[in-house]
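Trainee: Quick one: this structure, given as structure tokens, is what I'll be asking you about.
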């Protein structure tokens, strides 16, 4: 029993202990809960009090605003009562009332929220009180003791755990020590590896430099190889021609040798027969010959004959020389006696002046003659029509279409009303009287023209008689009807009568031929008098008289220029080769000014000026020779040669111009911009004739039978290379020629690839990316990269401009080399030369001029003009000397410093954008009040706003007036004077981005190919064929009216090659082409701007959906503005950087234009461009489920605010472009 009781007591005690422990645990848990609740209460009370205070402040603020609005409402109502007729007050009242309702709703919501918070606080307080009561109820006398015992036990447990953890900690310390040793060794290795890395980096830079040198050497080697191949081709062609000539000569020589052998054999047989006959007859003649044999006798006979012929030839030559000298002296005497002028220079000037005037009047007369013939034909048609209608019939072929219609409707049938006939006849009589007046007027003009033409013919006849020339054959067969009032006959020797209009060309040819003969006589006299050696030293006709083309007088001439009638031989005459005077002889010191135009044809005035300058130089040279005593007194002889050469030059010029005027118009040989001397009216008519005639001549030029190439591409840019490689892939023989003229400001040059690769898209995008990196560095610091220092607003990270430029240029040279290799691998022949057309040879002939000045001519079946464009600058003082363009910026070896960018288009803003981001003080001078004026102005203003917040300054409606430098030192600043208010500022660099001009000035294309007389752009049809040409095509920046974008040129060039050589028919579609402006805030768009849409549709049909938000990433980093753009001390963060605008045609919801500003806008636009080309609508965009969180999500979810609603479309907060609940 005792044991049983003991066991029961023990179990009771154990149960009591367990119960106590559970109670203690519960009490501890309740205490912990109590403490937590106390903390929650205190925290929640503080938070609630703060919220309540804020809400009360808000309520008070809203109450004040409510009172203020009520006051405004009362004022508005009073104002509305007095001005009820104005809708503005009513609308404002409605908006204020709506705002009051919204504020009242917010007050009710805030009041309800405060009541909920109070209720929640009351519930928590009740719960705390109940817990306190429970804790007090469960406590007692032994509660503290039991609690202490439990705590001691818990302490022992925790001590045991601490001891175990200390053992583990010691183990970890030992491991940590080993790891530290390992880290130290790794650090030492890192130092070694860093040293090795620096050495390798230095070696890498050296290898890059070596690679650049190798690339340059390879480019030079390629150029040398291409030149060598061209020379080999030329030498091969020359060798083939020489081989053919050699074969002909060899055959002729073989024939002569064979004939000589036959003749010798025949003579030998005859001699043998004669000897035999002589031996048979017993003739002793053989014995009488002495010791000479038959062969010796023949040789002696040949020597005697040759000596006799030589002596006779010398006598004849001497006699002919004497006769020629006598004829020469006689001709010179005739010239002096006929003119009465002894001074050669005065005689030449008078002659040129008279012929100048005659030539201008002659062209004017030709034009008037053509007009008179047209009027006579028109008068004849009207006469026939009038007579026919007068008799009651119908006009056979009335000229004016409107009169023909009247005749058909009113007079053609017998039943026409009499009133219609009378009205029609009265109209015809009025026109008839007007035509009579015009006929009288043109008759007077015709008489004046005939007088002018008569004076021209008299001048030609005078020159003809003074030179003592013989009349040309068939001169009497001229058109006598064209000269109703011939000049009086001039008699001199055998030259009688006058020069008819149709015979002017042969007479001019005879004048040229006579001058040619006089030059030959002078050369012969010089050789006869001075001896062969001295004559060769003093006078060489072939070297002294040069012209752009060598004149070679053949044995029989059928050319009008040679002095005969076309198609008729002028007799067997032997002329020497003569090169007429020009400025391209050995006066290299004065010819620099014409180096640029050495590939174009000279105008008549230029030829005259050059011949006069040539005569003056010869006169100066002769004076020096006479003063030094190194030559005899032959001034008059050489003066006559100068006179004759000048006369022959003018005769050739007049002859050429006459022939061209007979086909193309009176002045079609003049270049655009050259004004004829016959007055403004004649100049305008000549220009019109030139514009129409030149193209007509091209269209009518017969192509050669064989072409050197199927396809010749002028220009090595993106479009030209793409088209050339595509054509070569079809098997067409293709040549691409490219030559880059130095930039107009700094003389910058570059390699193959065109503007985009070298001075456009590629370096621009790389510098744009470099500029964007500064914003990323700021973001990195904000997001925890503490090694990157924090920069204050307006401060910039340090940047090495030279390293950036060096690496970018290295990459561009690599691309140049790749393009050269790509052309070679693609089967395209490349030549470093400037290609242009020969206006006289036609559109299939191309002249290639390399950098050495060597010119070769090739023929092509098709020619592509893809020469691109070059920057133009303002025509102000100092612009060329101190300014630069985009051609120079990307290769500047020194940082640009403080920069002024002149221009408002995308090139100007792109350059200003990355210069600002790289830390340079940049200002943009804009002539108008808009930037990006060809783009949507809402988006353009956003681009400008972002640039201003980054630090770019804008001077609107301002343009530089001049650029000056106070010091010639390169480091000195440029002073820019502005035209707006006369202010000035100093800059380190002035960049002109004021537009581009197509590089078509020296191509030799007809004037009809251009959009206007002052435009450099070409006009093409849908197949890219240049207007006024049969085989010349154009792509890229030279074409008018298409986007100047690299992908456009590439696509158009490839499609052109497909059509020409691949048998395809697809045409280029220039609509729906996307584009991107790479400013700091990239701007992309496809389709119309709002301004363009309103021009095509009414205002009610066009609606614009807009939204402006900030990227999620930038919402965290809070990129700062520059201090100058902050409105106050709290306005530090940049405005939202993303914006979208969709221009919609409301009746069918079709999207007319899509515009997007944001990061990587150039990548974003492609998908929308595809949808736009397929005709996307606004509802289709809204049906898409976007990717969250992204910027483009806003395009799908947030584009519901219209511009016309006037609502605020700028987002505040949120998850970037999407919705967060």
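Numbering (the numbering used here), first residue to last: 55 to 1275.
Beta carbons: idealized from backbone N, C-alpha and C, even for Gly.
Source: prediction; values computed, not measured.
For a test of the three-state rule: what should DSSP assign to residue 793, helix, strand or coil?
Mentor: The answer is coil: DSSP assigns residue 793 none of H, G, I, E or B.
Trainee: I need the boundaries of the beta strand (DSSP E) containing residue 914, first residue and last residue.
Mentor: Run containing residue 914: 909-919, per the beta strand (DSSP E) assignment.
Trainee: Hey, out of 388, 929, 813, 770, whose CA is closest to residue 516's CA?
Mentor: Nearest option by C-alpha distance: 388.
Trainee: At what residue ranges does the region 900-982 contain a whole run of the alpha helix (DSSP H), taking only runs of 4 or more?
Mentor: DSSP runs (the alpha helix (DSSP H)) wholly in the region 900-982: 933-936, 940-943, 960-971.
Trainee: Here's the rule I'm using: 16 or more other beta-carbon atoms within 10 Å means buried, otherwise exposed. How should residue 329 be labelled?
Mentor: Label assigned to residue 329: exposed.
Trainee: With 16 as the cutoff for other CB atoms within 10 Å, does residue 612 come out buried or exposed?
Mentor: Low confidence applies here, because residue 612 scores a pLDDT of 32, under 50, leaving its location unreliable; read the following figure in that light. Classification for residue 612: exposed.
Trainee: DSSP three-state call for residue 499: helix, strand or coil?
Mentor: Here residue 499 sits in helix by DSSP.
Trainee: For the 8 Å Cβ check, are there 3 or more pairs between the region 1214-1221 and the region 996-1008?
Mentor: They do not touch, by the three-pair rule.
Trainee: I'd like to check one pair, residue 872 with residue 824: are the Cβ atoms closer than 8 Å?
Mentor: For residue 824 and residue 872, no; Cβs fall outside 8 Å.
Trainee: Within 10 angstroms of the Cβ of residue 808, are there 16 or more other Cβ atoms? Answer buried if so, exposed if not.
Mentor: It is buried - the Cβ of residue 808 has at least 16 other Cβ atoms within 10 Å.
Trainee: Do the region 1096-1114 and the region 1164-1181 make contact, defined as three or more Cβ pairs closer than 8 Å?
Mentor: Contact fails: fewer than three Cβ-Cβ distances are below 8 Å.
Trainee: Nearest CA to the CA of residue 1261: which residue from 1071, 1158, 325, 1198?
Mentor: Closest by alpha carbon: 1158.
Trainee: Along the chain, where does the alpha helix (DSSP H) containing residue 1220 start, and where does it finish?
Mentor: 1215-1227 is the span of the alpha helix (DSSP H), which, as asked, contains residue 1220.
Trainee: Using a Cβ-Cβ cutoff of less than 6 Å, which residues in the same chain neighbour residue 985 once the five nearest sequence positions on both sides are dropped?
Mentor: For residue 985, where only same-chain residues beyond five positions count, the Cβ hits under 6 Å are 958, 994, 998.
Trainee: Is it buried or exposed for residue 286, if we count other Cβ within 10 angstroms and need 16 for buried?
Mentor: By the neighbour-count rule (16 or more Cβ atoms within 10 Å), residue 286 is not buried but exposed.
Trainee: If you compare alpha carbons, which of 166, 72, 983 is closest to residue 106?
Mentor: The candidate whose alpha carbon is nearest that of residue 106 is 166.
Trainee: State buried or exposed for residue 905, treating a residue as buried only when at least 16 other CB atoms are found within 10 Å of its CB.
Mentor: The residue in question, residue 905, is exposed, as its Cβ has fewer than 16 Cβ neighbours within 10 Å.
Trainee: Determine which residues share a DSSP beta bridge with residue 1170 and list them.
Mentor: Bridge partners of residue 1170: none, in fact.
Trainee: Give me the DSSP bridge partner(s) of residue 1074.
Mentor: Its beta-bridge partners are 1080.
Trainee: Is the region 156-163 in contact with the region 171-187, if contact means three or more CB pairs nearer than 8 Å?
Mentor: Contact fails: fewer than three Cβ-Cβ distances are below 8 Å.
Trainee: If residue 1052 sits next to residue 1070, beta carbons under 8 Å apart, how far is it from one beta carbon to the other, in whole angstroms?
Mentor: About 4 Å separates the two Cβ atoms, so the contact holds.
Trainee: Under 7 Å Cβ to Cβ from residue 1273, same chain only, skipping five residues before and after it: list those, please.
Mentor: For residue 1273, where only same-chain residues beyond five positions count, the Cβ hits under 7 Å are 1251.
Trainee: If you measure between the beta carbons of residue 1057 and residue 890, is that distance less than 8 Å?
Mentor: Yes, the pair counts as a contact, with Cβ atoms nearer than the cut-off.
Trainee: Rounded to the nearest angstrom, how far is the Cβ of residue 792 from that of residue 770, given a contact under 8 Å?
Mentor: Indeed they touch by this definition, with Cβ atoms about 3 Å apart.
Trainee: Is residue 775 buried or exposed, if buried means 16 or more other CB atoms sit within 10 Å of its CB?
Mentor: Residue 775 is buried by the Cβ-count criterion.
Trainee: Check whether the Cβ atoms of residue 1195 and residue 1160 sit closer than 8 Å, and answer yes or no.
Mentor: Closer than 8 Å, so yes.
Trainee: Take residue 425 as the anchor and find which of 407, 437, 503 has the nearest alpha-carbon.
Mentor: Among 407, 437, 503, the Cα nearest to that of residue 425 is on 503.
Trainee: Assign residue 374 to one of two classes, buried (16 or more other C-beta atoms within 10 Å of its C-beta) or exposed (fewer than that).
Mentor: It counts as exposed.
Trainee: Would you say the beta carbon of residue 1011 comes nearer than 7 Å to a heavy atom of the ligand HEM?
Mentor: The model depicted lacks the ligand HEM and carries no ligand whatsoever.
Trainee: According to DSSP, is residue 787 part of a helix, a strand, or is it coil?
Mentor: Residue 787 falls in the coil class under three-state DSSP.
Trainee: Round the Cβ separation of residue 917 and residue 768 to the nearest angstrom and send it over; I've been treating them as touching at under 8 Å.
Mentor: Right, the Cβ-Cβ distance comes to about 7 Å (below 8 Å), so this counts as a contact.
Trainee: Just confirm the distance between the C-beta atoms of residue 933 and residue 1017, as a whole number of angstroms; I'd bet it's less than 8 Å.
Mentor: Yes, they are in contact, since the Cβ atoms of residue 933 and residue 1017 sit about 6 Å apart, within 8 Å.
Trainee: Can you tell which of 837, 883, 803 has the C-alpha that lies nearest to the C-alpha of residue 762?
Mentor: Closest by alpha carbon: 883.
Trainee: Would the region 75-82 and the region 144-157 be scored as touching if the rule is three or more Cβ pairs under 8 Å?
Mentor: Because the criterion of three Cβ pairs below 8 Å is not met, the region 75-82 and the region 144-157 do not touch.
Trainee: Buried or exposed: residue 888, going by 16 or more other Cβ atoms within 10 Å of its Cβ?
Mentor: Classification for residue 888: buried.
Trainee: At which residues does the beta strand (DSSP E) containing residue 1099 begin and terminate?
Mentor: From DSSP, residue 1099 is part of no beta strand (DSSP E); its letter is neither H nor E.
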